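Heads up: the structure comes next, in structure tokens.
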Amino acid sequence: MGSELSRERKPGREREGTATGPHPVPDVAAYLSGRWSIERTVDDLRNGAQGSFRGTAEFRPDATGEALLHHEEGQLTWGGTVRPVSRTLRLRPRPDGTAAVDFADGRPFHDLDLRTGRWTAVHPCAADRYEGTFTAVGPDEWHLEWRVGGPAKDQLLCSVYRRLG
């Protein structure tokens, strides 16, 4: 599995970001607060299938005011089919400017520390391993690359988030 996660991304699938980064972020919750556009490529590296996601993300205070809800929604194009998809995560800020990220049901997902502008998170999920690289490239743009490997998965998801309004 380790060698699967170290493979390079396919040629021609580079992000089209407008900034270079990394951009240090002293307070990840303050940085992420608000609305973002999302452009995501999805590559299944085992069978060569490719898809995309276009949508929005919103980071807003939850009902307690102690966390941010991270809600994404948009259109996933995969295998010639377009369908609406969404997900919600919960970001719990810490006093040092970092945060813990949980799934909507409260299960832990990963930590997030963008104080240097870049962070790598690892999340084991059953037999799969998710490795995410977060890069703040400027005050209004950040990139996220998830590499997913396991017995039945070899995927690369590359996202560009751009601040709206």
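Using UniProt numbering, the first residue of the sequence shown is number 1, and each one after it goes up by one.
The beta carbon of each residue, even a glycine, is placed where N, CA and C say it ideally should be.
Keep in mind the model is a prediction, meaning the values are calculated, not measured.
Taking 8 Å as the CB-CB cut-off, is residue i touching chain B?
| i | result |
| --- | --- |
| L164 | Included in the structure is just one protein chain, with no chain B present. |
How would you call residue i, buried or exposed, if buried means at least 16 neighbouring beta carbons within 10 angstroms?
| i | result |
| --- | --- |
| D62 | exposed |
| F103 | exposed |
| V122 | exposed |
| A29 | buried |
| V160 | buried |
Check whether the Cβ atoms of residue i and residue j sit closer than 8 Å, and answer yes or no.
| i | j | result |
| --- | --- | --- |
| S52 | T41 | yes |
| R162 | E141 | yes |
| R107 | A100 | no |
| L112 | L68 | no |
| S86 | E66 | no |
| T88 | H70 | yes |
Taking the alpha carbon of residue i as the reference point, which residue from the options has its own alpha carbon closest?
| i | options | result |
| --- | --- | --- |
| C125 | R118, L114, W142, G149 | G149 |
| L114 | F103, P108, H123, R94 | R94 |
| T116 | T135, A57, L156 | T135 |
| G79 | D44, R54, G34 | D44 |
| A127 | T133, R60, T20, A152 | A152 |
Provide the residue span of the beta strand (DSSP E) that contains residue i, from first to last.
| i | result |
| --- | --- |
| A121 | 118-125 |
| A29 | Not the beta strand (DSSP E): A29 falls in the alpha helix (DSSP H), residues 28-32. |
| T77 | 68-78 |
| P93 | 81-93 |
| D62 | Neither: D62 is in no beta strand (DSSP E) and is coded neither H nor E. |
| V137 | 128-138 |
| residue 166 | Because the chain here runs from 1 to 165, residue 166 falls outside it and cannot be looked at. |
| H143 | 141-149 |
| D154 | 154-163 |
| D102 | 99-103 |
Can you give me the C-alpha to C-alpha distance between residue i and residue j, rounded to a whole angstrom?
| i | j | result |
| --- | --- | --- |
| D27 | Q75 | 30 Å |
| W36 | T56 | 6 Å |
| H23 | V137 | 5 Å |
| N47 | L156 | 12 Å |
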